[in-house]
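*Asks:* Line by line, the protein sequences are chains A and B. Heads up: the first sequence at position 108 corresponds to 120 in my numbering, and the numbers run straight through without jumps. Heads up: the second sequence at position 344 corresponds to 348 in my numbering, and the numbers run straight through without jumps. Think of the CB as a built atom: it goes at the ideal place given N, C-alpha and C, for glycine as much as any other residue. Model, not experiment: these values are computed from the prediction. Following this message is one structure expressed as structure tokens.
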Amino acid sequence: MRHDPIHLNKTMAASLVVVGAFALLAGLRLSPVGAIAPSKRGTPSASELTATVYMPAVTTALQRTLQSSTASRLLASNCFQCHGTDGKSSSGIDRLAGMSASEIIDEMQSMRVEPIGNDIMKAHARGYTDAELLLIADYFSRQ
Amino acid sequence: MISRRQFLTVAGAGALGIAAQRALAVSDAHAPTRISTRDRAGAAPALAGRVVVVGGGMGGATAARFLKLWGGAQLQVILIEKNLSYTSNILSNLVLTGQKTIPGLQYTYAQLQAIGVTVMQGEVLSINAGPRTLTLAGGQLVSYDRLVLSPGIDFDLLPGLTNYDDIVHAWQAGPQTIRLAQQLQAMPAGGAFVMTIPAAPFRCPPGPYERACVVADYVQRQKPGSKVIVLDANPNVMAERHTFETAFNGIFANTIEYHTGVTINSIDAATRTIDTSIGAIAGAVLNPIPPHRAGRLVRDNGLANVGGRWAGVNVLTYESTAQPFVHVIGDASSTTQPKAGHIANAEAKVCADAILHMMAGEPVNGAPVTNSACYSPITATTASWLTAIYHYDPISQTMKTPGPMEAESPSGDGFEMMGKWFTNLMKDSFG
């Protein structure tokens, strides 16, 4: 499972958003993890793989997703099928557009520790890392 | 790293631009990742060029829509589709029970056109990979910078049959679905509805089991004493095992007969009998679901490099492993993800995002995430669900999931949620 063992409280969440935003604004590349070049199809070289330095889960996942300038949008697009394009639901399923990032993160974190039962979101919420939740929440808070 | 402005200048130089773009992409392989503020600001990149999408199903419509939404006004997006509308396979089992109609499951391309996608009704005869053109049935040539194929599936002809006019699979929603509904309605009480399930992979892993359930529910109410005989080529239920095994052994125990590991020798349409590895089985209605293969365009253009049936792709971009500049998404591609509409929508977005980066000479997202989610009706008023989230695994270079999760039990709430899910999914795909 990809569940991060680290519980992310609001302060941590906020600080990670700040770190992420700073990195985005500054154009910094925090990790040696290589983005895959588009023309290079096939197997990455051994040096590419061994050059990868894995850091603690949250940081690493955050850095990985920062590799693409459109990473938060692409991640968030996993929610569009049920919650509407850009979170603008038109069918009675919760609208995510305009929710605050902390609201989304709080809800997702509660859902993924509750028994699943018949609630699809309690299962679905278990599938994303904390770092991914931050990027997703940040995206919808800006819609 | 070359700036966007410089790149666009180069790309504007025509053929030289394409060469430069390729060179650029290679030279960028080890360059530091540039993180722009574009995504934060929500502004679209000013990309020029042409992406042609062939096939207007769940994958193709979504790809065209998000290429346009994310690619901006200057990117030309052409969708080529032979039909005027798409008929949803999702929920089409409810046509068999009279709860849905085929016209009620149809979606046009009007909303894609409204956002600037050029929709061409036509059929692609061949892909000319060298010059990057398509030859259409009318003889026209359409050029592309990048091509996205979402051709769906074709069906093998099962031994003994010459067509699927009378004995239907109804695994592509449309006239066959209506025909099967008519056959089911005409079935006498006490009759047998015999369906077969091909070896995986097949479209919509829970689909055949869902069909068995909704037909069983229907005959229990409308055709007392009838049986639903399910002949599965697989060793067990291939999706939502808990849900379907509970239903087969519970509420449908007196109706569904489920057999595993069954192979079909031949089908006799005249006597409505299937000769199988467990003997000859006759039914009032036969509904064999044949083995699938990728759509013709993939097979006829050297792209079916996985078992001769499916298109091998790089799941970071969905670019074919056989042919550069050609991407294959949805059921026709061979990945670790299921063949189903909801995940074809997710694959289309990863593909669209990658294409926009590739055309800009930027690295693509190295950690894509996709999700599968699906509601399955179990009775006329209840539904279950499954969901799975896939992450890119750089070691195996595949999309990996810890495993699909499924509902504890089918419910009325699930049935209601199924309608809401379907509404938003179709809107996210077709606009």
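Quick check on the DSSP output: what are the complete alpha helix (DSSP H) runs of length 4 or more inside the segment 69-113 of chain B, in order along the chain?
*Replies:* Complete alpha helix (DSSP H) runs here, min 4: 97-100.
*Asks:* Could you check whether residue 119 (chain A) and residue 373 (chain B) sit closer than 8 Å to each other, using their CB atoms as the reference points?
*Replies:* Counting from one through the second sequence, the residue named residue 373 (chain B) turns up at place 369. Counting from one through the first sequence, the residue named residue 119 (chain A) turns up at place 107. No; because the gap between Cβ atoms is not below 8 Å, this pair is not in contact.
*Asks:* Is it buried or exposed, residue 417 (chain B), if we count other Cβ atoms within 10 angstroms and call 16 or more buried?
*Replies:* For the purposes of this step, residue 417 (chain B) is taken as residue 413 along the second sequence, with counting starting at 1. So residue 417 (chain B) counts as exposed.
*Asks:* Excluding the 5 residues flanking residue 333 (chain B) on each side, which residues of the same chain have their C-beta closer than 7 Å to its C-beta?
*Replies:* If you number the second sequence from 1, residue 333 (chain B) lands on position 329. Result list for residue 333 (chain B): 63, 67, 152, 154, 322, 348, 351, 352 and 355, in chain order.
*Asks:* When the cut-off is 8 Å and only beta carbons count, does residue 42 (chain B) lie next to chain A?
*Replies:* Numbered from its first residue, the second sequence carries residue 42 (chain B) at position 38. Because the pLDDT at residue 42 (chain B) is just 39, under 50, the model does not fix this residue reliably, and the value given afterwards should be weighed accordingly. It does; some Cβ of chain A falls within 8 Å.
*Asks:* Whose C-alpha, out of B:394, B:415, B:431 and B:421, is nearest the C-alpha of residue 137 (chain A)?
*Replies:* For this step, residue 137 (chain A) is matched to residue 125 along the first sequence. Comparing Cα-Cα distances from residue 137 (chain A) to each of B:394, B:415, B:431 and B:421, the minimum goes to B:394.
*Asks:* Alpha carbon to alpha carbon, how far is residue 59 (chain B) from residue 47 (chain B)? Give it in angstroms, no decimals.
*Replies:* Taking the second sequence and counting its residues from 1, one reaches residue 47 (chain B) at position 43. Taking the second sequence and counting its residues from 1, one reaches residue 59 (chain B) at position 55. Note that residue 47 (chain B) scores 43 on pLDDT, short of 50, meaning its location in the model is unreliable and no value can be drawn from it.
*Asks:* Find out if the Cβ-Cβ distance for the pair residue 452 (chain B), residue 80 (chain B) is shorter than 8 Å.
*Replies:* Any answer about residue 452 (chain B) is impossible in this case: the structure gives chain B only from 5 up to 435.
*Asks:* Is residue 231 (chain B) helix, strand or coil by DSSP?
*Replies:* The residue labelled residue 231 (chain B) in the question sits at position 227 within the second sequence. Here residue 231 (chain B) sits in strand by DSSP.
*Asks:* Check the Cβ of residue 114 (chain A) against every Cβ in chain B and list those closer than 9 Å, keeping chain order.
*Replies:* Sequence index remark: in the first sequence, residue 114 (chain A) carries index 102 (1-based). Residues of chain B passing the Cβ test: none, with the nearest at roughly 18 Å.
*Asks:* Please go through the same chain and pick out, in chain order, the residues whose beta-carbon is closer than 6 Å to the beta-carbon of residue 62 (chain A), but skip the five residues on each side of it.
*Replies:* Within the first sequence, the letter at position 50 stands for residue 62 (chain A). The predicted position of residue 62 (chain A) is uncertain, since its pLDDT is 28 and thus under 50; no value can be drawn from it.
*Asks:* Under 8 Å, CB to CB, which of the residues in the segment 95-122 of chain A have a partner in chain B?
*Replies:* Hits within the stretch, in order: 95, 96, 97, 101, 102, 103, 104 and 105.
*Asks:* Could you check the C-alpha separation between residue 83 (chain B) and residue 138 (chain B) for me, to the nearest Å?
*Replies:* Numbered from 1 along the second sequence, position 79 holds the residue referred to as residue 83 (chain B). Numbered from 1 along the second sequence, position 134 holds the residue referred to as residue 138 (chain B). Whole-angstrom Cα-Cα distance: 12 Å.
*Asks:* Would you identify the three-state DSSP class for residue 362 (chain B), choosing helix, strand or coil?
*Replies:* If you number the second sequence from 1, residue 362 (chain B) lands on position 358. Helix, per DSSP.
*Asks:* Under DSSP, the alpha helix (DSSP H) around residue 318 (chain B) begins and ends at which residues?
*Replies:* If you number the second sequence from 1, residue 318 (chain B) lands on position 314. Premise fails: residue 318 (chain B) lies in the beta strand (DSSP E), 315-318, not in any alpha helix (DSSP H).
*Asks:* Using DSSP's beta-bridge definition, name the partner residues of residue 132 (chain B).
*Replies:* For this step, residue 132 (chain B) is matched to residue 128 along the second sequence. Paired residues: B:137.
*Asks:* Check each candidate in B:248, B:127, B:107 and B:242 and name the one with the smallest Cα separation from residue 205 (chain B).
*Replies:* Your numbering for residue 205 (chain B) matches position 201 in the second sequence. The residue with the shortest Cα to Cα distance from residue 205 (chain B) is B:242.
*Asks:* Within the chosen definition, does the segment 378-392 of chain B reach the segment 405-419 of chain B through at least 3 CB pairs nearer than 8 Å?
*Replies:* Contact holds: three or more Cβ-Cβ distances are below 8 Å.
*Asks:* Output yes if chain B places a C-beta closer than 8 Å to the C-beta of residue 146 (chain A); else output no.
*Replies:* Against the first sequence, residue 146 (chain A) aligns to sequence position 134. Chain B contact via Cβ: absent.
*Asks:* State the Cα-Cα distance for the pair residue 266 (chain B) and residue 120 (chain B), rounded to the nearest angstrom.
*Replies:* Counting from 1 along the second sequence, the entry for residue 266 (chain B) is found at position 262. Counting from 1 along the second sequence, the entry for residue 120 (chain B) is found at position 116. Approximately 49 Å, taken between the alpha carbons.
*Asks:* Run down chain B in chain order and give the residues with a C-beta less than 7 Å from the C-beta of residue 89 (chain A).
*Replies:* Here residue 89 (chain A) refers to the residue found at position 77 when the first sequence is read from its first residue. Ordered by position in chain B, the residues that pass the 7 Å Cβ test against residue 89 (chain A) are 353.
*Asks:* Got a sec: is the Cβ-Cβ distance from residue 349 (chain B) to anything in chain A below 8 Å?
*Replies:* Counting from 1 along the second sequence, the entry for residue 349 (chain B) is found at position 345. Yes, contact with chain A.
*Asks:* Among B:124, B:314 and B:157, which has the Cα closest to the Cα of residue 144 (chain B)?
*Replies:* Translated into the one-based positions of the second sequence, residue 144 (chain B) becomes position 140. The shortest C-alpha separation from residue 144 (chain B) is found at B:124.
*Asks:* Could you say which of A:125, A:115 and A:103 lies nearest to residue 151 (chain A) if we only look at CA atoms?
*Replies:* To locate residue 151 (chain A), count along the first sequence from 1; it is residue 139. The residue with the shortest Cα to Cα distance from residue 151 (chain A) is A:115.
*Asks:* Just to check my reading of the structure: residue 270 (chain B) and residue 164 (chain B) have Cβ atoms closer than 8 Å, yes? What is that Cβ distance to the nearest angstrom?
*Replies:* As a working note, residue 270 (chain B) is residue 266 in the second sequence. As a working note, residue 164 (chain B) is residue 160 in the second sequence. At roughly 4 Å, the Cβ-Cβ gap stays under 8 Å, so residue 270 (chain B) and residue 164 (chain B) are in contact.
*Asks:* Going by alpha carbons, who is nearest to residue 196 (chain B) out of B:405, B:408, B:260 and B:357?
*Replies:* Walking along the second sequence from the start, residue 196 (chain B) turns up at place 192. Checking every option, the nearest Cα to that of residue 196 (chain B) belongs to B:260.
*Asks:* Could you tell me whether the Cβ of residue 152 (chain A) comes closer than 8 Å to any Cβ of chain B?
*Replies:* If you number the first sequence from 1, residue 152 (chain A) lands on position 140. Judged by the 8 Å Cβ criterion, residue 152 (chain A) is not in contact with chain B.
*Asks:* Only counting the same chain, and skipping five residues up and downstream in sequence, which positions put a Cβ closer than 8 Å to that of residue 177 (chain B)?
*Replies:* In the second sequence, counting from the first residue as 1, residue 177 (chain B) sits at position 173. Taken in chain order, the residues that qualify are 91, 92, 93, 96, 99, 106 and 109.
*Asks:* Which chain B residues are close to residue 135 (chain A), counting only those with a beta carbon under 7 Å from its beta carbon?
*Replies:* Numbered from 1 along the first sequence, position 123 holds the residue referred to as residue 135 (chain A). Here the neighbours are 391 and 409.
*Asks:* Step through the CB atoms of chain A and report whether any lies within less than 8 Å of the CB of residue 431 (chain B).
*Replies:* As a first step, residue 431 (chain B) is located in the second sequence; it is residue number 427 there, counting from the start. Answer yes: the Cβ-Cβ gap between residue 431 (chain B) and chain A drops below 8 Å somewhere.
*Asks:* Taking a contact to mean a Cβ-Cβ separation below 8 Å, would you say residue 174 (chain B) touches residue 184 (chain B) in this structure?
*Replies:* Stepping through the second sequence from its first residue, residue 174 (chain B) is reached at position 170. Stepping through the second sequence from its first residue, residue 184 (chain B) is reached at position 180. Closer than 8 Å, so yes.
*Asks:* Check each residue of the segment 221-254 of chain B: if its Cβ is closer than 9 Å to any Cβ of chain A, include it; give the result in chain order.
*Replies:* Answer in chain order: no residues at all.
*Asks:* Rounded to the nearest angstrom, what separates residue 41 (chain A) and residue 81 (chain A) at their Cα positions?
*Replies:* For this step, residue 41 (chain A) is matched to residue 29 along the first sequence. For this step, residue 81 (chain A) is matched to residue 69 along the first sequence. Low local confidence applies: a pLDDT of 31 at residue 41 (chain A) is under 50, so the model's placement there is unreliable, and no value is given.
*Asks:* Looking at the C-beta of residue 149 (chain A), does it have a partner C-beta in chain B at a distance below 8 Å?
*Replies:* Position 137 of the first sequence holds residue 149 (chain A). Closer than 8 Å: no.
*Asks:* What separation, rounded to the nearest whole angstrom, lies between the Cα atoms of residue 236 (chain B) and residue 153 (chain A)?
*Replies:* For the purposes of this step, residue 236 (chain B) is identified with residue 232 of the second sequence, where counting begins at 1. For the purposes of this step, residue 153 (chain A) is identified with residue 141 of the first sequence, where counting begins at 1. Cα to Cα, the separation comes out at about 47 Å.
*Asks:* Suppose you measure from the CA of residue 99 (chain A) to the CA of residue 285 (chain B); what does that come to, to the nearest Å?
*Replies:* Along the first sequence, read from residue 1 onward, the residue named residue 99 (chain A) stands at position 87. Along the second sequence, read from residue 1 onward, the residue named residue 285 (chain B) stands at position 281. Approximately 50 Å, taken between the alpha carbons.
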